[in-house]
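FYI, the numbering for the sequence shown is 1 to 177, going by UniProt numbering.
The beta-carbon is built from N, C-alpha and C at its ideal position, and this holds for glycine as well.
First the structure, in the form of structure tokens, and then the observations on it.
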Amino acid sequence: MPPKDFPVTKYLLVNASDFFKAALAQEWVEGQTRTVKLPDDDAESFSGYSLPSAFKMFILGDKLLDIAFKDAMTDAVLAVMLKQRGGNTYMSPKRFAISLLYKKETPGHMRDLIVHRWACVNNWQDIITTEWSPGFLLDFCNVLAAEQPQESTLEAAIRCAFHEHTPGNENCYRTKR
Numbered sequence: 001m002p003p004k005d006f007p008v009t010k011y012l013l014v015n016a017s018d019f020f021k022a023a024l025a026q027e028w029v030e031g032q033t034r035t036v037k038l039p040d041d042d043a044e045s046f047s048g049y050s051l052p053s054a055f056k057m058f059i060l061g062d063k064l065l066d067i068a069f070k071d072a073m074t075d076a077v078l079a080v081m082l083k084q085r086g087g088n089t090y091m092s093p094k095r096f097a098i099s100l101l102y103k104k105e106t107p108g109h110m111r112d113l114i115v116h117r118w119a120c121v122n123n124w125q126d127i128i129t130t131e132w133s134p135g136f137l138l139d140f141c142n143v144l145a146a147e148q149p150q151e152s153t154l155e156a157a158i159r160c161a162f163h164e165h166t167p168g169n170e171n172c173y174r175t176k177r
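Below, the structure is given as structure tokens:
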């Protein structure tokens with residue numbers, strides 16, 4: 001069977017694995033090409049590192065009441081959302097992933113993150129249609145009716161606006177490493 005490329009967000013890999021943290025360092029060819037060849041492993045093994053899987057893992061963390069895990073998954077989703085492609089910001093998640101989140105997850109910080117990100121987009125009227133999740137559209141309209149966010153999604157995320165932990169940096173999983 002020929003090898004298969006399987007795109008995975010670097011942020012998810014290096015934060016979850018010391019192997020990938022080392023392999024994707026800039027001093028290695030893999031870090032420069034952003035390609036790690038694992039001929040003995042199948043691509044499906046990495047499905048847990050995809051955006052829909054990150055949503056599913058967030059939902060599992062919610063069921064297990066694991067706030068630090070949920071916050072880590074929120075940051076992983078944020079990393080994908082802020083990704084640049086060819087100098088342009090890649091708008092993510094798309095309609096399918098948002099629908100998955102809205103079907104399975106109650107209102108909360110992950111939804112707030114998604115809505116905030118899309119509300120910060122200047123040309124949202126060219127992208128968002130009535131085919132999107134009704135719950136998302138309602139949340140989105142409520143945010144826009146209040147006023148388009150002045151703070152960037154990254155700025156809000158840095159101050160843990162989309163995290164579920166008790167307020168205070170000392171309660172964030174990022175500082176407990």
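Annotation for D40: no alpha helix (DSSP H) segment contains it, and DSSP assigns it neither H nor E.
In this structure, the CA atom of D62 is about 32 Å from the CA atom of T35. Between F58 and L100, the CB-CB gap reaches or exceeds 8 Å. In the three-state reduction of the DSSP assignment, A161 falls in the coil class, being assigned neither a helical nor a strand state. Judged by DSSP secondary structure, A25 falls outside any alpha helix (DSSP H); it is assigned neither H nor E. Counting along the chain, I59 sits inside the alpha helix (DSSP H) bounded by residues L51 to K63. Taking a 10 Å sphere around the C-beta of W28, we find fewer than 16 other C-beta atoms and assign the residue as exposed. When secondary structure is reduced to three states using DSSP, T35 falls in the coil class, being assigned neither helix nor strand.
Check the Cα spacing between M73 and each of A22, F96 and L113: the tightest is with L113.
Given a length threshold of 4 residues, each whole run of the alpha helix (DSSP H) inside the segment 101 to 141 is given here in chain order: 109 to 119. Judged by beta-carbon spacing, G135 lies beyond the 8 Å limit of Y173, meaning their Cβ atoms are not closer than that value.
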